[in-house]
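Scroll down for the structure; my scribbles are underneath it.
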Amino acid sequence: MKAVVLQAGNKFALEDIPKPKLKSTGDALVKVTTAAICGSDVHAKHGLIPGYTPGTVMGHEFVGVVEETGDDVLEFKPGDRVAAAPITWCGVCRPCKRGEPQHCTRGGVWGGGEIFGRGLRGAQTDYIRVPFADNCLISIPDNVEDVQAVFVGDVFATGYSGAQRGYIQTGDTVVVYGCGPIGLGAIISAWQFGPRQVFAVDMLENRLALARLYGATTIDAKSESAVEKVRQATEGEGVDVAIEAIGSPDAFMQALRSVRRGGSVSVVGLFPGPIEFPLHEMGFYGVRISMGLGNPSCMSQLMGLLESGRVDLSAMATHIFHLDDALEAYDLFENQKGKCLKVLIKP
Ligand SMILES: [Zn+2]
Ligand SMILES: [Zn+2]
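Written as structure tokens, this is what we have:
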């Protein structure tokens with residue numbers, strides 16, 4: 135079977151790899167029906183995430199159909215449509231029992247290389263072996279198509295976790311820096327907590343248009359200052375919550391300067407290196423800063439929002455390629471050709 139595999143010299147290739155087999159009684163074998171390209175796949179290609187060695191099979195966003203299950207898998211059977219989080223987790227270690235499966239001591243990121251992946255193969259291929267299948271898979275309702283379900287595990291769950299960590303309260307004002315997939319996931323998620331207004335900042339018109347579709351008041355950072363605009367809109371005080379969804383030191387500083395005293399900045403962007411932080415100043419303002427990976431525990435609830443029709447993520451899928459054309463898909467995604475947002479790969 136074909137797979138997108140990292141090569142020496144910061145590039146990907148399509149390679150033939152063997153079909154995986156069940157290794158443990160808690161495993162499921164899933165036939166991938168749709169996988170997505172993530173910004174972090176491109177970071178990995180350029181060596182910005184440690185542990186990605188040549189030979190890594192890429193991809194951590196996928197949905198599929200169960201083909202085979204081990205004897206101890208209780209919740210799933212062959213033929214079930216399933217979605218997965220970007221990570222696996224055991225369900226019994228201390229972090230898992232604390233309700234933080236993203237910190238599981240036995241889990242890893244699909245296709246996450248030697249450090250974060252712990253040998254887990256990625257999903258930009260035909261079949262994937264899912265350990266701890268009862269934990270790590272959720273069912274996809276009949277009325278939710280792959281094109282939405284594929285976003286539940288990462289785009290939506292990461293955005294939702296970012297909104298949750300911002301402690302958005304009913305009637306709050308929120309600003310989201312970055313209207314890429316995770317930023318849009320954060321905008322959609324912010325509304326679930328009942329804010330009065332959500333501002334969204336970006337420089338690309340196609341992304342701002344999607345942010346408006348999802349109810350945000352948009353700010354084009356090419357022509358206006360987001361900090362000034364949100365301060366004007368809040369009588370100079372600043373918004374209650376800012377979410378940084380780019381991974382840019384400049385956007386992080388703007389997020390800090392956008393919030394009121396005692397407000398929150400929640401970081402979901404991936405930063406490629408350390409940044410300078412004005413602790414000597416911010417300490418006086420009591421701004422709460424939080425960060426972290428998405429917590430996949432919310433996936434079933436988020437899938438429920440899709441099933442109910444209250445949230446529709448399908449507008450994020452701007453391009454779909456066959457697995458045979460995956461390298462073309464990456465070129466389009468990385469070089470932002472064709473105003474793409476999320477690019478899907480179908481084996
Ligand atoms: Zn991702
Ligand atoms: Zn665990």
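Under our numbering, the first residue of the sequence shown is numbered 135, with each subsequent residue one higher.
Even for Gly, the Cβ is constructed at its ideal location relative to N, Cα and C.
Note that this is a predicted model, so its numbers are computed, not measured.
Segment contact: the region 307-320 against the region 393-406, three or more CB-CB distances shorter than 8 Å; contact assigned. Three or more Cβ pairs drawn from the region 440-453 and the region 282-291 lie within less than 8 Å of each other, which places the two stretches in contact. By the Cβ test, the region 190-204 is in contact with the region 166-176, since at least three Cβ pairs between them sit closer than 8 Å. For residue 433 and residue 412, the gap between their C-alpha atoms comes out near 35 Å.
Taking all protein chains in view, the Cβ of residue 303 is surrounded by fewer than 16 other Cβ atoms within 10 Å, so the residue is classified as exposed.
Annotation: the continuous beta strand (DSSP E) that includes residue 271 extends over 271-273. Under the three-state reduction of DSSP output, residue 425 falls in the strand class. Close to ligand 2, as judged by a C-beta nearer than 7 Å to any of its heavy atoms, are the residues 223, 224, 225, 226, 227, 229, 230, 235, 238, 239, 240 and 241, in chain order.
Just so you know, the alpha carbons of residue 307 and residue 350 end up roughly 11 Å apart.
By the beta-carbon neighbour count (other beta carbons within 10 angstroms, threshold 16), residue 264 is buried. Residue 162 and residue 140 have their C-alpha atoms some 25 Å from each other. Ranked by Cα distance from residue 183, the options 269, 396, 257 and 243 are led by 243.
Across the set 383, 410 and 372, the C-alpha of 372 shows the shortest separation from the C-alpha of residue 396.
Given a length threshold of 4 residues, each whole run of the alpha helix (DSSP H) inside the region 345-386 is given here in chain order: 360-367. Residue 333 sits buried, since 16 or more C-beta atoms from the chains shown fall within 10 Å of its C-beta.
In this structure residue 429 is buried. Its beta-carbon is surrounded by 16 or more other beta-carbon atoms within 10 angstroms.
Around the beta-carbon of residue 337, fewer than 16 other beta-carbon atoms lie within 10 Å, marking it exposed. In chain order, 449 place their CB closer than 7 Å to the CB of residue 347, counting only its own chain and leaving out the 5 sequence neighbours on each side. Of the heavy atoms belonging to ligand 1, at least one sits nearer than 7 Å to the Cβ of residue 194. Residue 430 has its Cβ no nearer than 7 Å to any heavy atom of ligand 1. With a cut-off of 7 Å, the C-beta of residue 382 is classified as distant from ligand 1, since no heavy atom of the ligand falls inside that distance. Note on the region 191-237: whole beta strand (DSSP E) runs with a minimum of 3 residues are 195-203 and 215-218, in chain order. The secondary-structure analysis by DSSP pairs residue 458 with nothing; it has no beta-bridge partner. Between the alpha carbons of residue 385 and residue 345 lies a gap of roughly 17 Å. Under a 10 Å Cβ-count criterion, residue 232 is classified as exposed, with fewer than 16 other Cβ atoms of the shown protein chains found around its own Cβ.
Considering only 254, 383 and 328, the residue with the shortest C-alpha distance to residue 374 is 328. With a cutoff of 7 Å, residue 295 does not count as near ligand 1, since its C-beta is closer than that to no heavy atom of the ligand. Ligand 1 has a heavy atom closer than 7 Å to the beta-carbon of residue 172.
Relative to ligand 1, the beta carbon of residue 336 is positioned no closer than 7 Å to any heavy atom. With a cut-off of 7 Å, the C-beta of residue 206 is classified as distant from ligand 1, since no heavy atom of the ligand falls inside that distance. In this chain, the beta strand (DSSP E) harbouring residue 331 covers 331-336.
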